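Heads up: the protein sequence lines correspond to chains A, B, C and D, in order. Just so you know, we're using UniProt numbering here: the first sequence kicks off at 1 and counts up by one. Just so you know, we're using UniProt numbering here: the second sequence kicks off at 1 and counts up by one. Just so you know, we're using UniProt numbering here: the third sequence kicks off at 1 and counts up by one. Just so you know, we're using UniProt numbering here: the fourth sequence kicks off at 1 and counts up by one. By construction, the Cβ of each residue, glycine as well, lies at the ideal position given by its N, Cα and C atoms. Computed from a prediction, not measured in an experiment: that's the story for all the values here. Everything below concerns the one structure shown next.
There are 4 protein chains.
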Amino acid sequence: MNKARIRMGMIGGAEGAFIGAVHRIAARLDGLIDLVAGSFSSDPARSQSTATMLGIDPARCYDTYQDMFQEEAKLADNQRIDFVVIVTPNHLHFPIAKLAIESGFHVLSDKPATLNLQEARALQTLINSSDCLYGLTHTYTGYPMVKEARYRIAQGQLGAIRKVVVEYSQGWLATQEDEAGKQAQWRLDATKAGISCCIADIGVHAANLVEYVSGLAIEALCADLNHVVPGRTLDDDGTVLLRFDNGCKGVLLASQIALGEENNLNLRIYGDKGSLEWSQMEPNSLWLKSHNAPTTLLRAGVALQSEAARNALRTPAGHPEGYLEAFANIYVNFTKLIEAKKAGRAVNNHQFDVPGIEDAIRGMAFIENAVEASSKNTKWHTFKLDER
Amino acid sequence: MNKARIRMGMIGGAEGAFIGAVHRIAARLDGLIDLVAGSFSSDPARSQSTATMLGIDPARCYDTYQDMFQEEAKLADNQRIDFVVIVTPNHLHFPIAKLAIESGFHVLSDKPATLNLQEARALQTLINSSDCLYGLTHTYTGYPMVKEARYRIAQGQLGAIRKVVVEYSQGWLATQEDEAGKQAQWRLDATKAGISCCIADIGVHAANLVEYVSGLAIEALCADLNHVVPGRTLDDDGTVLLRFDNGCKGVLLASQIALGEENNLNLRIYGDKGSLEWSQMEPNSLWLKSHNAPTTLLRAGVALQSEAARNALRTPAGHPEGYLEAFANIYVNFTKLIEAKKAGRAVNNHQFDVPGIEDAIRGMAFIENAVEASSKNTKWHTFKLDER
Amino acid sequence: MNKARIRMGMIGGAEGAFIGAVHRIAARLDGLIDLVAGSFSSDPARSQSTATMLGIDPARCYDTYQDMFQEEAKLADNQRIDFVVIVTPNHLHFPIAKLAIESGFHVLSDKPATLNLQEARALQTLINSSDCLYGLTHTYTGYPMVKEARYRIAQGQLGAIRKVVVEYSQGWLATQEDEAGKQAQWRLDATKAGISCCIADIGVHAANLVEYVSGLAIEALCADLNHVVPGRTLDDDGTVLLRFDNGCKGVLLASQIALGEENNLNLRIYGDKGSLEWSQMEPNSLWLKSHNAPTTLLRAGVALQSEAARNALRTPAGHPEGYLEAFANIYVNFTKLIEAKKAGRAVNNHQFDVPGIEDAIRGMAFIENAVEASSKNTKWHTFKLDER
Amino acid sequence: MNKARIRMGMIGGAEGAFIGAVHRIAARLDGLIDLVAGSFSSDPARSQSTATMLGIDPARCYDTYQDMFQEEAKLADNQRIDFVVIVTPNHLHFPIAKLAIESGFHVLSDKPATLNLQEARALQTLINSSDCLYGLTHTYTGYPMVKEARYRIAQGQLGAIRKVVVEYSQGWLATQEDEAGKQAQWRLDATKAGISCCIADIGVHAANLVEYVSGLAIEALCADLNHVVPGRTLDDDGTVLLRFDNGCKGVLLASQIALGEENNLNLRIYGDKGSLEWSQMEPNSLWLKSHNAPTTLLRAGVALQSEAARNALRTPAGHPEGYLEAFANIYVNFTKLIEAKKAGRAVNNHQFDVPGIEDAIRGMAFIENAVEASSKNTKWHTFKLDER
């Protein structure tokens, strides 16, 4: 059978888990990665049945992630996994990533990186003192038109950025009945999800997206997080006013109780020369606006200026690519990063457009800053990157 | 020639003034009103040339509004104007309205009603002690689908309202060059526009729309108003977090520096049973969303439930009506209000769906509350309806 | 009261008639025309009650159109009507227009101009030998973005035109139950509507629009008209393949049984340098497409190149204008045509962008050619402008 | 490494070929198929470099497809390929498919199945007398919302179908310069593409889609194919009027010179109870229209009624899936068909929703009927399924 160049092990993602299956598709899509080992569930039988379903050698399906790292480390260079992907609930991200790196494996982690900023800082220290690579799947940065937007702003086509509006609205947690689902349960449980539900789950994607595209960094915020559905201890909705390092203002809206919304992540950035607009649910369109001039509809595959965007596409214009391809783009770039590392080059995430531990730190800080700011009746709070 | 049932006089709106021309079209559209008198400009010659252009009897074109009220009052019942419409810059709204009412004329005023809340309170006292009617052209409440949205919420079709997002974004003041225009000049001049530009000009429309449709009243707010273009003394952008009297939260975004935006007023209301979405730039569509069910696109002229919406339409489905027709709907309803009054019935604005002095008070209060709240570093402020 | 510069009489359009009310709004909207006389119904009582509703002098409400022309002709120059608008069912268009012209009145006619091509030819002869003006309300040519499209093609911005797709789909006659309505009854009755329902009522608008915008003339066609709902003797659906005088091909789709469609008139024109797309239900947008380049969204009020388009707008960008304003634009231009005539200038419809008798001839010929071509099993038929 | 359940060999699809890469992604996406053998190019060196790129065992990269079938047939049951996918230019589809079946391998073929109807009939005979499965990648039937549309029509939700409009417009061959590309060259060469370019390449997809969704069969047609760009011997544009076996009419538009269009395949079906609309470029939306009732927007992942549609989705609502996933759905279903066959069950394509040789026959017949009908000046032609 055919062999991909990179071997992956997976922690979490047993049959029925949404995000594990998505990661597997993303890893497979471009034929660069083989999933060859895993510890898919804390229940060994369930883990084995997942391995069987996936055609993985039973000997490389492990009861625990500790076993996996220990045994894989013993294998020959051309056999053992190159990296591990972590797709468990949030509270396990840190201990698994930590042990993986201590065992010498590169890590690709679902977001958020850790349960809190303290863990993220500890993980950063560990990564920086190791020879291991670390990537974080901020999926939405994988979309070609997001990359095109980033490129055009970096090229100055919008001029100075003056206002940002980013929104991530969902309705899937709109009712108490919705809490029964497995995806809902752990996200609403502070022991597994951390101090926030909505901001930690989706608000952080919005914050990451806005910084990625605009090239700006949040430097202060005013937060109003809400617990809309009775009985919830974590936020299920929130608005965060932002101030960026260039002085411009932004608004971030996030909600899981916006009944009827699917996965409505959208971004608008207004500059003094031009503006742009992008929406995840129609990801192949990027709107460019001008002052007193017609609007331009830039479409995936047509006259893109950014090499990163062009490389992120697999099909000609008019053949819609979507979420899974955006996700796969993160995998492609992470694979290139590993290969460059294998080739002995000095590498960093930024070169290969892979979200890394710095993004993780900013994301965890965003969650903690927003939750703290929301609890106070002072309006503006300096965005702090240190643990509190 | 044909005689409409109601006679109107106009203050302001000389040739070249945008909003005066709009009011005249709106007044004409349904053939209910004749414009028979006016004082169109502080420059008598310019006023006369406007009168000539409009085919108005030169004898009823007055040098000043004071003259107009004095002379018109002397005319016979079946000759003199029934009401006066005020379309001057903001700072003249109050003195004109005051004198009109003191002279016994009904008043329809462009918004904002006055320059500040104090004047609005004084005007309210005057109106309440008079026999005159007062209407305020909050145009966007004139759209049929806005009325349908309001009806459906009032009927409980969305359940309890839990989140509101309303936005009014424009780009026409995005640059310093844009300040040369006549429309821009007075809006950016505190002596003519009052304490705010963006919130007073458009934010107040958004606040009015959200209260009109939702049936909720703002009870607290957190405001962040910005002066984006260098050299401006009044806000040209802002975000206001809202809390309503049922405890639900809202976000109001307003901007005049959102480069590339035309007149992007849009509204989303999320309930615990359903949600809705409306946008002024595609005004004949109303989106109704449900939980785990398909979305409904309700279109002007198709299966509307609200009599108010049906009455506000002139053409069958698929024949787009727009801004001028929405504006005309305010005139139609104000005309009906006057006729009911003439017929000796006890009337109030609410019965005829005409925005009135209470809306004016709330609007002026919104402006003052937002400006004050923005100046403080306390997050939440109680919405006060009294002068400060 | 104010006097408009032009006086209009109306034939047809009693209370409750759809198109009569639309014409009145269109005539009123810009304050250029006074409706001062009428014969609104073949039932004199109904005609008088309409006159009363409209505030028209009872003495100028006539029992018959013959009376109206006779009596109005006796009035002084500055009293009598300048033109007559005809808004009756189709079969009366010709006799009324004929008598009006013979009586010396300009005519503005709802379309189709006559019941058949023979009548249209007779009318043309009459007009050409008279001093009267004749206009036809092909409403959709009144939209600003339609004028902009026409201008850009005339300027060569699309290069050589190579393909055209025009569609006019409605669903209002989709069922037998729909035949009960007054609008439906006469349109499905050959004695009142002529030899066609769908093509005569809406197909002809599509044909007119495509010739108006493209500047091309239909020179051959292949038609397939259908009688979809059982029991109908006239077509309620049809497709017509077109060949234009430059050799390019087109497709015209028309339907009244396209269940769920409102008033879906849309047009696409493909050239060898660029393409464009316009849809009546979002009339303020015009899409311009290029080869291997981004698409441009041109919006009403933003950077329009055509003076005709700019003049056809009343409000700034983002304030949607619609069907009634497009209709009013025909009236505005017809008014200018009359005034130029009054001023003693040699004028023709084309100068003032008013559809005239030549358009009427082409429209009637389109209906007759399409019906005849549909009855044959030969594919292509030369488009004949002569009576058969 | 992990082993998928089904082994695939590929003919054609060397590096740089568009459709070969798409097939590989589609085959990989769900982890059910391993690509283990291939003959990727008529140039053995190019074939080997493709094999190396793909991680395929060099011993199983064959110089010719004849070699491949001969050698693979010698391998053990659990080693040799289960099926072959054919992604060469059109003229090789038939000889390869023939030899594959004669060698005992199941075949999945890119469309069109063969160069002409005669070959397709020969292939049908061969398949029917063999034990081999045959699938044809009519990609667009793989979209979830297409399956939902089909289901709802089959359930009678639209009532009797009365009109169909299907369009497939592209602009990529709009100019002579566009003919230089490799994709263009063979499509415009009758020796490789057959008797048609536009109809054979994309018109046939449209015809297949409309029959798949509506459940109707074309029984007569009127065709007008065009050679728009000078110098072309094959059609690059065309319109085909359709009559279906229930008597209803349809219009099929196809173009490769519709400058500015990307891959605009869209479908509307009008019934006497309801209508629907779908567009490939926004594939996750299906519009359902009703008579005098609001329109429904059905979205992928929300309240789908069809099991086939639900099974064709991998992610929750709001996570857009696209062209590659639709393609992969054909592979998934073909895999299930093979597995059922392996399990000894009597199977046919229809059970597993895999386009098969009957669809291939209808497709080839569509091309030949359209080309012949276009050459005649008789309007309607009976749709013939036999070779001429």
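Quick one: grab the DSSP three-state call for residue i.
i	result
L286/D	strand
Y62/D	coil
C197/D	coil
M8/B	strand
D43/A	coil
D359/B	helix
T378/A	strand
N348/D	coil
K336/A	helix
G318/A	coil
G38/C	strand
E261/B	coil
I330/C	helix
Between which two residues does the alpha helix (DSSP H) containing residue i stretch?
i	result
P294/D	No alpha helix (DSSP H) holds P294/D; the beta strand (DSSP E) holding it covers 293-299.
L209/B	204-214
E307/D	307-311
R243/D	Here R243/D belongs to no alpha helix (DSSP H); instead the beta strand (DSSP E) covers 237-244.
Can you check whether the C-beta of residue i is within less than 8 Å of a C-beta belonging to chain C?
i	result
N2/D	The predicted position of N2/D is uncertain, since its pLDDT is 49 and thus under 50; a value taken from the coordinates is nonetheless stated next. No, N2/D lies away from the interface with chain C (no Cβ there is under 8 Å from its Cβ).
V107/A	no
A160/D	no
N333/A	no
N292/A	yes
Give a yes or no on whether 8 Å exceeds the smallest Cβ distance from residue i to chain D.
i	result
V22/A	yes
C222/C	yes
I25/A	yes
Starting from residue i and walking both ways along the beta strand (DSSP E), at which residues does that stretch end?
i	result
G271/A	264-271
I218/C	218-226
A14/D	From DSSP, A14/D is part of no beta strand (DSSP E); its letter is neither H nor E.
K249/A	249-255
Could you tell me if residue i is buried or exposed, where buried requires 16 or more neighbouring beta carbons within 10 angstroms of its beta carbon?
i	result
R345/C	exposed
A97/D	buried
A312/B	buried
S375/C	exposed
D237/D	buried
G20/B	buried
Checking contacts by CB at 8 Å: is residue i closer than that to chain A?
i	result
G12/D	no
E321/D	yes
K182/B	no
Checking contacts by CB at 8 Å: is residue i closer than that to chain B?
i	result
L313/D	no
N377/A	yes
D299/D	Reading off the sequence, residue 299/D comes out as Arg, not Asp. It does: the Cβ of R299/D has a partner Cβ on chain B nearer than 8 Å.
Fully enclosed by the segment 110-174 of chain A, which alpha helix (DSSP H) runs are 4 residues long or longer? The segment 110-174 of chain A contains these whole alpha helix (DSSP H) runs: 117-128, 144-154.
Curious, which full-length alpha helix (DSSP H) runs of at least 4 residues does the segment 73-110 of chain A contain? Listed in chain order, they are 93-102.
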